[in-house]
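Asker: There's a structure below that I have some questions on.
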Amino acid sequence: MGYIAMNRFKIAEGREADFEEVWKARESRLKELNGFREFRLLKGPKGDGFTLYSSHVLWDQQADFQAWTKSEQFRDAHRNSGNSKTEGVIIGRPEFEGFETVLHEA
């Protein structure tokens, strides 16, 4: 019924536009992969000195997500992680969460 892969990011206060620009400027190749359905970058609440964001990717099944993590597209997407464009932007490491759909209403 679907698998949702999410990464949560704490973004330094005042650096939200920098973080969003990194995502907007990236070359997304998700549409090349079997099972990819949807991507969203979500902006959440403010915390103590940070704003919470989440990348949210919907896959047909967990196996499709796992195949992506082993793909050329994944390597390309993460090639510049931790470069100067994100230095001082992301606080700590992203936190991954994966969820299998057990109930869906549309």
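Under our numbering, the first residue of the sequence shown carries the number 265, and numbering increases by one thereafter. By construction, the Cβ of each residue, glycine as well, lies at the ideal position given by its N, Cα and C atoms.
#1: Between G266 and T333, how many whole angstroms is the CB-CB distance? I'm expecting something under 8 Å.
#2: Rounded to the nearest angstrom, what separates F300 and V286 at their Cα positions?
#3: Do E359 and R263 have their beta-carbon atoms positioned less than 8 Å apart in this structure?
#4: Between D312, R339, E336 and L306, which lies nearest to E284 when the distance is taken from Cα to Cα?
#5: Keeping to the same chain, check which residues put their C-beta closer than 8 Å to that of K310; ignore five residues upstream and five downstream.
Answerer: According to the structure shown:
#1: Within the sequence shown, residue 266 is the residue found at index 2, counting from 1. Within the sequence shown, residue 333 is the residue found at index 69, counting from 1. About 17 Å; that fails the 8 Å criterion.
#2: Here the question's residue 300 lines up with position 36 in the sequence shown. Here the question's residue 286 lines up with position 22 in the sequence shown. Their backbone Cα atoms lie some 21 Å apart in a straight line.
#3: This structure cannot settle anything about residue 263, because the visible part of the chain is limited to 265 through 370.
#4: As a first step, residue 284 is located in the sequence shown; it is residue number 20 there, counting from the start. Checking every option, the nearest Cα to that of E284 belongs to L306.
#5: Taking the sequence shown and counting its residues from 1, the one referred to as residue 310 is at position 46. These residues qualify, in order along the chain: E277 and L316.
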